[in-house]
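*Asks:*
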Amino acid sequence: MSLRSFLLATAASAVAFPALADVNVYTTRQPELIQPVIDAFTTQTGIMVNLAFVEEGIVERLVAEGDRSPADLVMTVDIANLSQIVDAGVIQPVESEVLEAAVPAELRSADGRWFALTTRARIVYASKERVADGEVTTYEDLADPKWQGRICTRSGVHNYNLALLSAVIAHHGEEQAKAWAEGLKANLAKKPQGGDRDQVQSIWQGECDIALGNTYYMGQMLEDPEQQDWANSVRIVFPTFEGGGTHVNVSGIAMTNAAPNREEALELMEFLVSPEAQAIYAEENNEYPVRADAELSDLVASWGPFTPDTLDLTELAGHRAAALRIMEEVNFDG
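Here the sequence shown stands for residues -21 to -1, 1 to 313, numbered as in mature numbering (1 follows the signal peptide of the UniProt record, and there is no 0).
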């Protein structure tokens, strides 16, 4: 599609966006994952919310719409996506004592341009049959030759793995991060392909013994009758960085520059970090709330406690370009 065609299509979609709600939200997350907490907000406040699923091109859409955008808020996952939206200049800072009190400093931007709503850990799925308790301890350990031919993972250039490698860079520098990526690649049982759940299937099939994945995929597998055997064949292990904690990423929210319904949008943002909303949102997505006093779902609690890494997520986003370069230099997916 040419730039002109894209801009015309975007403008048309902006006009077609239903202006029936009090707050309009662009989301890269499937609306059904968010709807329960939105329904709770509407019930409590009477404010109607319209969720528009924008699977791809959300930044380009916001840039093209500019001040005409009907979107008040943007909800997305991964710090790289949040940073990209901020860097595009389409987000305004938000000052809110409620948000600042609820969301830890390392899980929001210092200038108030984005706030995390939930977190997910990048963990190891380990075979219950072939991996002993305590055999996996650190991320650094995954590059040890003892794991040769025993690890599965999705593409090294996927955002989830780039964020993890960005954390390795933050902890150890680019030179050691490249050595780690090379060691991890040398330990792969097969060429990276598929998603995180596919790696667990490979463990179940005996193709590998451990795999990198996000925590919430365990919940998704257990909800799918065809994937329950995969889930039951592994346990969740929370590796840590040497001198650090377990790598986490976020889902988050930001207010657009246009925000035609700014007051109502801010009310929604503040509701989403309330204990009630945090419990609903985290349970629906098998994620962790950002509020320390919000309840975990029974399933998430069953995975056990862990210590999140306290690296500033904005710093991790700043290392993404270097992480991508390293993955390409070592030909991780080759």
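Note that the Cβ used here is the ideal one computed from N, Cα and C, for glycine as well. Keep in mind it's a predicted model, so treat the numbers as computed, not measured.
Where in the region 176 to 227 do unbroken runs of the alpha helix (DSSP H), each at least 4 residues long, occur, reported from the N-terminal end onward?
*Replies:* Qualifying alpha helix (DSSP H) stretches, in chain order: 195 to 202, 207 to 211.
*Asks:* Which of the three DSSP states, helix, strand or coil, is assigned to L278?
*Replies:* It is helical.
*Asks:* Return no unless some Cβ of chain B is closer than 9 Å to the Cβ of H150.
*Replies:* Within the model displayed, chain B is absent; a lone protein chain is all it includes.
*Asks:* If you run the structure through DSSP and keep just helix, strand and coil, what is P72?
*Replies:* Reduced to three states, the DSSP call for P72 is coil.
*Asks:* Tell me, which residues are paired with Y104 by DSSP?
*Replies:* Per DSSP, A190, I215.
*Asks:* Would you mind sorting V(-7) into buried or exposed? The rule is 16 or more other CB atoms within 10 Å of its CB.
*Replies:* Below a pLDDT of 50, predicted positions are generally treated as unreliable, and V(-7), at 35, falls in that range; the measurement from the model is reported next regardless. Classification of V(-7): exposed, given that the 10 Å Cβ count is below 16.
*Asks:* By the 10 Å Cβ neighbour count, where 16 or more other Cβ atoms means buried, how is D57 classified, buried or exposed?
*Replies:* Classification of D57: buried, given that the 10 Å Cβ count is 16 or more.
*Asks:* Counting along the chain, where does the beta strand (DSSP E) carrying A31 start and finish?
*Replies:* Here the beta strand (DSSP E) through A31 covers 28 to 32.
*Asks:* For T21, report the span of its alpha helix (DSSP H) as first-last.
*Replies:* Residues 10 to 24.
*Asks:* Taking all protein chains shown into account, decide if V227 is buried (16 or more other Cβ within 10 angstroms of its Cβ) or exposed.
*Replies:* Buried, by the Cβ-count rule.
*Asks:* I need the straight-line Cα distance from A300 to G152, nearest angstrom please.
*Replies:* Rounded to the nearest angstrom, the two C-alpha atoms are 14 Å apart.
*Asks:* Helix, strand or coil: how does DSSP classify S145 here?
*Replies:* Correct three-state label for S145: helix.
*Asks:* Applying the 10 Å Cβ sphere with the 16-neighbour rule, what's the burial state of A238?
*Replies:* Its Cβ being crowded by 16 or more others within 10 Å, A238 is buried.
*Asks:* Assuming Y5 is part of the beta strand (DSSP E), what are its boundary residues?
*Replies:* Y5 -> beta strand (DSSP E) spans 2 to 6.
*Asks:* Need the endpoints of the alpha helix (DSSP H) that T55 sits in, please.
*Replies:* It is not in any alpha helix (DSSP H) - T55 instead sits in the beta strand (DSSP E) that spans 52 to 56.
*Asks:* Quick one, are the C-beta atoms of R87 and G192 less than 9 Å apart?
*Replies:* No, Cβ-Cβ distance for R87 and G192 is not below 9 Å.
*Asks:* Straight-line CA distance for S145 to V16?
*Replies:* For S145 and V16, the distance between alpha carbons rounds to 32 Å.
*Asks:* Spatial neighbours of T289 within its chain, please: C-beta separation below 7 Å, excluding the five flanking residues on both sides.
*Replies:* Closer than 7 Å at the Cβ level, and outside the excluded window around T289, lie E85, G224.
*Asks:* Which value, in whole angstroms, describes the spacing of the CA atoms of L(-19) and V42?
*Replies:* Note that L(-19) scores a pLDDT of 38, beneath 50, so its modelled location is shaky and nothing firm can be said.
*Asks:* Measure the CB-CB distance between F94 and V73 and report whether it falls below 9 Å.
*Replies:* In this structure, V73 lies closer than 9 Å to F94 by Cβ.
*Asks:* Using three-state DSSP, classify P287 as helix, strand or coil.
*Replies:* Correct three-state label for P287: strand.
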